[in-house]
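J.: So the protein sequences, as listed, match chains A, B and C. Residue numbering for the first sequence follows the numbering used here, beginning at 1 and increasing consecutively. Residue numbering for the second sequence follows the numbering used here, beginning at 1001 and increasing consecutively. Residue numbering for the third sequence follows the numbering used here, beginning at 2001 and increasing consecutively.
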Amino acid sequence: MRYPLIVLILALTALAGGFAFVEWSKGGSGAGLYSRHWSPEAVQGYWDPATFYQSPDSVQGVFKGEECVQCHEAVTPGIVADWRNSRHAKAGERVWCSGCHGDDHQRLHLPTPAVCGGCHGKQHGEFKAEADFGFPSHVLAMDRALSAPHFVDKPKAEVQSCVQCHSVATKCDSCHTRHRFDAAEARRPEACITCHSGPPHPDDETYFASAHGRLYRAEGDQWDWSKPLVKGNYKVPTCAYCHMEGGRHQVANKSLWKFGLLEVNPHTAANKALRRDWVGLCGDCHEAEKARQWLSDLDRERKQAWKMLNEAEAILKGLRTEDLLFPAPEERPAYPLEQRPRAHIGFYEGQASAFYNVSAVERDYFEMWYFDSLGAYKAAAHGDWARISKGHKGMAASLEKIRQQAGSLRDLKIVEQKAGIEASTEGLWQRGAYTDYNRDQN
Amino acid sequence: MRYPLIVLILALTALAGGFAFVEWSKGGSGAGLYSRHWSPEAVQGYWDPATFYQSPDSVQGVFKGEECVQCHEAVTPGIVADWRNSRHAKAGERVWCSGCHGDDHQRLHLPTPAVCGGCHGKQHGEFKAEADFGFPSHVLAMDRALSAPHFVDKPKAEVQSCVQCHSVATKCDSCHTRHRFDAAEARRPEACITCHSGPPHPDDETYFASAHGRLYRAEGDQWDWSKPLVKGNYKVPTCAYCHMEGGRHQVANKSLWKFGLLEVNPHTAANKALRRDWVGLCGDCHEAEKARQWLSDLDRERKQAWKMLNEAEAILKGLRTEDLLFPAPEERPAYPLEQRPRAHIGFYEGQASAFYNVSAVERDYFEMWYFDSLGAYKAAAHGDWARISKGHKGMAASLEKIRQQAGSLRDLKIVEQKAGIEASTEGLWQRGAYTDYNRDQN
Amino acid sequence: MRYPLIVLILALTALAGGFAFVEWSKGGSGAGLYSRHWSPEAVQGYWDPATFYQSPDSVQGVFKGEECVQCHEAVTPGIVADWRNSRHAKAGERVWCSGCHGDDHQRLHLPTPAVCGGCHGKQHGEFKAEADFGFPSHVLAMDRALSAPHFVDKPKAEVQSCVQCHSVATKCDSCHTRHRFDAAEARRPEACITCHSGPPHPDDETYFASAHGRLYRAEGDQWDWSKPLVKGNYKVPTCAYCHMEGGRHQVANKSLWKFGLLEVNPHTAANKALRRDWVGLCGDCHEAEKARQWLSDLDRERKQAWKMLNEAEAILKGLRTEDLLFPAPEERPAYPLEQRPRAHIGFYEGQASAFYNVSAVERDYFEMWYFDSLGAYKAAAHGDWARISKGHKGMAASLEKIRQQAGSLRDLKIVEQKAGIEASTEGLWQRGAYTDYNRDQN
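#1: Considering only residues of the same chain and omitting the five flanking positions on each side of C:H2249, which have a CB-CB separation below 7 Å?
#2: So, does the segment 137-148 of chain A touch the segment 161-172 of chain A, judging by three or more C-beta pairs under 8 Å?
#3: Taking the beta carbon of B:H1212 as the centre, do at least 16 other beta carbons fall within 10 Å, making it buried, or is it exposed?
#4: Would you decide whether A:G121 is buried or exposed? Buried here means 16 or more other CB atoms lie within 10 Å of its CB.
#5: Return helix, strand or coil for B:V1236, following the three-state DSSP convention.
#6: Given that a residue counts as buried once 16 or more other Cβ atoms are within 10 Å of its Cβ, and exposed if not, what is A:K378?
#7: Identify each residue in the segment 2277-2298 of chain C for which the Cβ-Cβ distance to at least one residue of chain B is less than 8 Å, and report them in chain order.
#8: When you compare only the Cα positions, how much space is there between A:D277 and A:N271?
#9: Relative to the C-alpha of B:V1062, which residue among B:D1104, B:V1159, B:K1401 and B:Y1046 is closest?
#10: Helix, strand or coil, according to DSSP, for B:V1279 in the structure here?
#11: Anything in chain C within Cβ reach of B:S1039, meaning under 8 Å, just list it in chain order.
#12: Bridge partners for C:V2062 per DSSP, in chain order?
#13: Please tell me whether A:E158 has its Cβ less than 8 Å away from any Cβ of chain B.
#14: If you measure from the beta carbon of C:K2393 to each beta carbon in chain B, is any gap under 8 Å?
#15: Please report how far the alpha carbon of B:Q1404 lies from the alpha carbon of C:Y2365, in whole angstroms.
#16: Taking Cβ positions only, does B:E1126 come closer than 8 Å to chain C?
#17: Let me make sure I understand the geometry here. Which of A:W223, A:E416 and A:C192 has the alpha-carbon closest to that of A:A240?
#18: When we look at the beta-carbon of B:H1267 and count the other beta-carbons within 10 Å, is it buried (16 or more) or exposed?
#19: Taking the C-alpha atoms as reference points, what is the distance between B:D1203 and C:I2388?
#20: Between the segment 1414-1421 of chain B and the segment 1324-1331 of chain B, do three or more beta carbon pairs fall short of 8 Å?
#21: Between B:Y1377 and chain C, is there a C-beta pair that is closer than 8 Å?
#22: Thinking C-alpha only, which one of A:A184, A:E41, A:G346 and A:S296 is nearest C:V2043?
#23: Check whether the Cβ of C:P2237 lies closer than 8 Å to any Cβ atom in chain A.
#24: For B:T1435, decide whether its Cβ has a neighbour in chain A, counting only Cβ atoms nearer than 8 Å.
#25: If you follow the alpha helix (DSSP H) that B:R958 is in, where does it begin and where does it stop?
#26: Please report the straight-line C-alpha distance between B:T1435 and C:D2372, rounded to a whole angstrom.
#27: Would A:E23 count as contacting chain C if we go by Cβ distances under 8 Å?
#28: What residues in the segment 80-107 of chain A have a beta carbon less than 9 Å from any beta carbon of chain B?
#29: If we cut at 8 Å on Cβ distances, does C:D2221 have a partner in chain D?
#30: So is C:V2152 in contact with chain A if we call contact Cβ pairs under 8 Å?
#31: What residues in the segment 313-339 of chain A have a beta carbon less than 7 Å from any beta carbon of chain B?
#32: To the nearest angstrom, report how far apart A:R443 and A:D132 are at their CA atoms.
#33: Grouping DSSP H, G and I as helix and E and B as strand, with all else coil, what is A:Q483?
#34: Determine, using beta carbons only, whether A:T112 and A:P189 come nearer to each other than 8 Å.
#35: Suppose the cutoff is 6 Å on Cβ atoms and the five residues either side in sequence are ignored; what does the same chain contact list for C:H2243 look like?
#36: Take C:N2265 as the anchor and find which of C:E2130, C:E2311 and C:W2306 has the nearest alpha-carbon.
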């Protein structure tokens, strides 16, 4: 009896999924899985030009590069000046506007990574190769955002704040600002920290609080940023020096601890090889022995962090088994295309679900994991000792709070059963009011 | 019967108001409406020199400029060096110390905007013209602070922190530091962010988190800041580039959304004209169509924000009508010169009153409005997408909390009426203890 | 009967203390009083090299300076380049690697302040002289950390975050980064703010929010930092300009308010002399009269702060006398080497004890004192008016909360006595769970 039901459900799911793929439309809701439920702000045309950019139709005609420059010298002199200072303008064979934008003014396009890759094949190839390493990743960043069902439930302004940075996958000027497209710019930390700052990834804050970052702040303006990122050229390393060694446009292969998101076994052969690479890199300035100790310090920090996180997760799984999470999974609003809501716990079971429509104790766990643990990891990796302290103190407090809540929930259950009372489900995240509000507004 | 009572009240008010205007005294409490109740710290002599500066009497004599410089070269060489580097010293006809400070060392004065305006008439005229546009305003900033009755109830140190920035109305070196008085300095964001930072006006934070700000941070030190703020001279705009277009010393006329303080109808003819100006300005570097979309994004952000704010305000007005605010207006300490306390709600009904001596639910609304909404506005205006998210998440949570509190207050009233209980008024802000403490200390 | 007991206790204490001094061991737990209970991470070898540094044994041989340089030019070119740019390399008689590190590659050492003091005797002498002024102090910073019993109860990552900065006592490159060892670097605020930032000592934040700091941010990169810190050389002062006048390596003697930690009588002859020194220093740029007023403003700020702190402390002492603190002292975990736990209140009675294992009302007082008061002090001293406001608002709220809690505790006691109920001791800090957890992990 049960088997045909499952078949029916699967068939209906497929059908619903099929309808969800709406017609592709420039400037509309796009072609993603959830495009029926959500469409982005107009600025998405800048962030994901291949899908959303619409050319202005105010000027018509087909123009040669010299003509573009002549007119834009008056209209937008700043970008022309940037271009004149770029290698595009100084190269033996100039790269004119039309090379990247096309020459028909009513059918202009903004260049995608593939357009840039036409000349910069090595960099584009490295960039695409990041996909081999799974999440987190630059090249997969936009896909990751667009296929996340919980984005449909968040206010549009909040999703836009995610997508702005995830646009690093769909255009190159996140790091090489138009129309100078400078390698020197991208070697400096400012190119990275527009996105890599704030919780849950305080790379900005932790780097600038480190001894490296302090020296960069005080003296970096005097350094020659046209030099490649190799041994001896810079007094202290920047983001790119360590993470994009020698200028390689692929960051994922060096990740020891996967952004702090995953518990990693530091004793595998692959991980040991990675460690040797890092020790070699630190060795550009420091004793190998010291570098090894720093990596051990980092491992110990992670070990202590995961011990606390795993203990918290075990408590929550126990509560789920005992049916003590309020609201229970079946009381939560389901995501679009989902048949029924589920009580995910932790990252691999579904990070997204932990944001909204969960019980207070799950939310505490989520914040412990997302803010305190990730913050401490970034601090340990970059040498910001004060923020390690902040993160671990936060995790310890959360773990204790989760323990106490678990005890209270068990006690309450006993009392309620004796008294024959039904627990009520209240609060912003739990009842789905926030979700309803946003679905209504977006 | 009622009419004579009103006349009596008005007469008493006028009398009280009259007494409140105390004698003008340099270095004392000033001449403001509340000067009987409050006098500033000595540093006010720097911030509002026309009213409070007292000349030192340690040196006597009348001096010529060359004599001032000769002596101060030894006594305070830094400010002499700054002056030597200024246009005042390099101009054909030098502007000597006495030109601004007078020449009698026992009757020196610090220059007010009017003194500077003696030569810089165009700038001073533009600056004064801001008054035509109402609050918020630079030129009215000191008046605004001094005539706010709630300042009397705050700790002196807190009021000083307001007044330091509001001194932009009463001296010119808030932006053009003495004794260099450089236009180049004022073109850079640092000239603005001494004041324009932190809640409730995170202009600093939102600009530096934007793509514009990041480029300024990385490369701004290499730019030539002696150039005027016009198209083509700067790679990215700074505060002054957009808000003081071409160097105009009047900021108020370009305000689309009035600092985020007011709900504005974007469809009026005047507002549409403003939008055309902004699109023109963005057009120095960007496509007009993109600029229009950004302004629409901003409007949508505000529309969503005001929808939430108005909903919260409506809930509070309902509670006031039903007499459910604790403490009730008549239980709150009145301001000096006020006959009786009033339960203001929202900005136009009286922003000040929402700070202190209000019920918890009013305080939640105030913080939603003052911190979350204004923060989101600044973020949307400057392109800091992450802070838009933070603000809207905060507003959503506050609105839900206000809704729940309103429900609880109504339930409580029913229970109390049945039981014949009087509600008690407790807590720091509610009972006026904070107000009493401060009035005692100030 | 009581006297022999005290003798016995003292004898046992001495015995326990004696055992606690374990054998000295490089890279182990060190030689401190609590070394049996706690050992540092490996990075301590960098921070306190005299005690913890272990030379790498991968390379053997005894080398001359030219040989070191020849090899390290290839191995670590960055540090060789820094050295070549340093006075060590440019001096008539070069200071080679071996001068500071020794020449036996298996017995290398990292230089301690005493090693640097071999040549820089004046600076080292000034540095050591700080000890005459008591805490807070740079030269005593490491001792202070290592002899604090509460460090044993904190997570290792948190203690490391303290010790990193306290290593200023045990090496010179906290301010003069190896291998350039530049005086110019140490004249800039970045040299100080690696440590002097964040609560409870927001020197970084308050300086950069001041008029001085803003000008440094905008223009400091253009100044000539090779100039000594004397009158007329710099447009605005930096940390070192005021606190290390003329380059003196001793900061403690100018302290007016002892970091904000102590209540100071500003009317003693010694304090008045200090004030004259400060007025003289401010006089490099400002009128003496203004400088005197600023110091008075600071005194008034402190007076108001201490009034609130003392009121809070008096309430807590009352609660202690009435045995109303939960957990009571005897229920708290004792520190190692301590015979019994004690309920310290306030700074002089034992700052450390206020962190953990205290009642909620004591914790509130601690945060009022440690974060709000110290933050307001730094703000007042550096001219960051907004942060003065933040601190005083926080203190007022805490004081009110402490008052209310004291009332509730007294009421509760009466109710409990009538009902014959024992109070239960719950919560993270109170029951010692955090302490137990950390002792287990460290």
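Heads up, the beta-carbon is just placed ideally off N, CA and C, and yes, glycines get one too. Note that the structure is a prediction, hence the values are computed from the model and not measured.
T.: Taking the definition as stated:
#1: Counted from its first residue, the third sequence places residue 2249 of chain C at position 249. Closer than 7 Å at Cβ, skipping near neighbours: Q2123, E2126 and F2127.
#2: Here the segment 137-148 of chain A lies against the segment 161-172 of chain A, with 3 or more beta-carbon pairs under 8 Å apart.
#3: Here residue 1212 of chain B corresponds to residue number 212 of the second sequence, with the count starting at 1. Per the 10 Å Cβ criterion, buried.
#4: As a first step, residue 121 of chain A must be located in the first sequence, where it is residue number 121. The residue is exposed, with fewer than 16 neighbouring Cβ atoms inside 10 Å.
#5: Here residue 1236 of chain B is taken as the residue at index 236 of the second sequence, counted from 1. DSSP places B:V1236 in coil when its eight states are reduced to three.
#6: Position 378 of the first sequence, counting from 1, holds the residue named residue 378 of chain A. Label assigned to A:K378: buried.
#7: G2283, D2284, C2285, H2286, E2287, A2288, E2289, K2290, Q2293, W2294, S2296 and D2297
#8: One-based indexing of the first sequence puts residue 277 of chain A at position 277. One-based indexing of the first sequence puts residue 271 of chain A at position 271. Roughly 10 Å separates the two Cα atoms.
#9: The sequence position of residue 1062 of chain B within the second sequence is 62, counting from 1. Minimum Cα distance to B:V1062 is reached at B:D1104.
#10: Translated into the one-based positions of the second sequence, residue 1279 of chain B becomes position 279. In the structure shown, B:V1279 sits in a helix (DSSP, three-state: H, G or I).
#11: Position 39 of the second sequence, counted from the start, is the residue given in the question as residue 1039 of chain B. Neighbours of B:S1039 on chain C: none; closest Cβ ~12 Å, over 8 Å.
#12: As a working note, residue 2062 of chain C is residue 62 in the third sequence. Looking at the DSSP output, C:V2062 sits in a beta bridge with C:D2104.
#13: For the purposes of this step, residue 158 of chain A is taken as residue 158 along the first sequence, with counting starting at 1. Cβ-Cβ to chain B under 8 Å: yes for A:E158.
#14: Against the third sequence, residue 2393 of chain C aligns to sequence position 393. Yes, C:K2393 lies at the interface with chain B (some Cβ there is under 8 Å from its Cβ).
#15: Position 404 of the second sequence holds residue 1404 of chain B. Position 365 of the third sequence holds residue 2365 of chain C. Their Cα atoms are separated by approximately 32 Å.
#16: What you label residue 1126 of chain B is simply residue 126 of the second sequence in a count that begins at 1. Chain C contact via Cβ: absent.
#17: On the first sequence, residue 240 of chain A is found 240 positions in, with the first residue counted as 1. It is A:C192 whose Cα lies nearest to the Cα of A:A240.
#18: Counted from its first residue, the second sequence places residue 1267 of chain B at position 267. With fewer than 16 Cβ atoms within 10 Å of its Cβ, B:H1267 is classed as exposed.
#19: The sequence position of residue 1203 of chain B within the second sequence is 203, counting from 1. The sequence position of residue 2388 of chain C within the third sequence is 388, counting from 1. Rounded to whole angstroms, B:D1203 to C:I2388 spans 20 Å at the Cα level.
#20: The segment 1414-1421 of chain B, when compared against the segment 1324-1331 of chain B, does not touch it at the 8 Å Cβ threshold.
#21: Looking up residue 1377 of chain B in the second sequence gives position 377. Not closer than 8 Å to any Cβ of chain C, the Cβ of B:Y1377 fails to qualify, so no.
#22: Within the third sequence, the letter at position 43 stands for residue 2043 of chain C. Ranking A:A184, A:E41, A:G346 and A:S296 by Cα distance to C:V2043 puts A:S296 first.
#23: Numbered from its first residue, the third sequence carries residue 2237 of chain C at position 237. It does not; no Cβ of chain A falls within 8 Å.
#24: Within the second sequence, numbered from 1, the residue matching residue 1435 of chain B stands at position 435. By this cut-off, B:T1435 is not an interface position.
#25: With chain B covering 1001 to 1442 only, the question about residue 958 of chain B has no answer from this structure.
#26: Numbered from 1 along the second sequence, position 435 holds the residue referred to as residue 1435 of chain B. Numbered from 1 along the third sequence, position 372 holds the residue referred to as residue 2372 of chain C. Taking the straight line from one Cα to the other gives about 19 Å.
#27: Taking the first sequence and counting its residues from 1, the one referred to as residue 23 of chain A is at position 23. The predicted position of A:E23 is uncertain, since its pLDDT is 34 and thus under 50; a value taken from the coordinates is nonetheless stated next. Under the Cβ distance rule, A:E23 does not count among the residues neighbouring chain C, no pair being separated by less than 8 Å.
#28: V80, A81 and D82
#29: Within the model displayed, chain D is absent; protein chains A, B and C are what it includes.
#30: By 1-based counting over the third sequence, the position of residue 2152 of chain C is 152. Cβ-Cβ to chain A under 8 Å: no for C:V2152.
#31: none
#32: Any question about residue 443 of chain A goes unanswered here, given that chain A covers just 1 to 442.
#33: Here chain A comprises residues numbered 1 to 442, so residue 483 of chain A is not present and cannot be evaluated.
#34: Numbered from 1 along the first sequence, position 112 holds the residue referred to as residue 112 of chain A. Numbered from 1 along the first sequence, position 189 holds the residue referred to as residue 189 of chain A. No, they are not a contact pair.
#35: For this step, residue 2243 of chain C is matched to residue 243 along the third sequence. Excluding five sequence positions before and after C:H2243, the CB atoms of its chain that fall closer than 6 Å to its own CB belong to V2251, given in chain order.
#36: Residue numbering aside, residue 2265 of chain C sits at position 265 when the third sequence is read from its first letter. Nearest of C:E2130, C:E2311 and C:W2306 to C:N2265, Cα basis: C:W2306.
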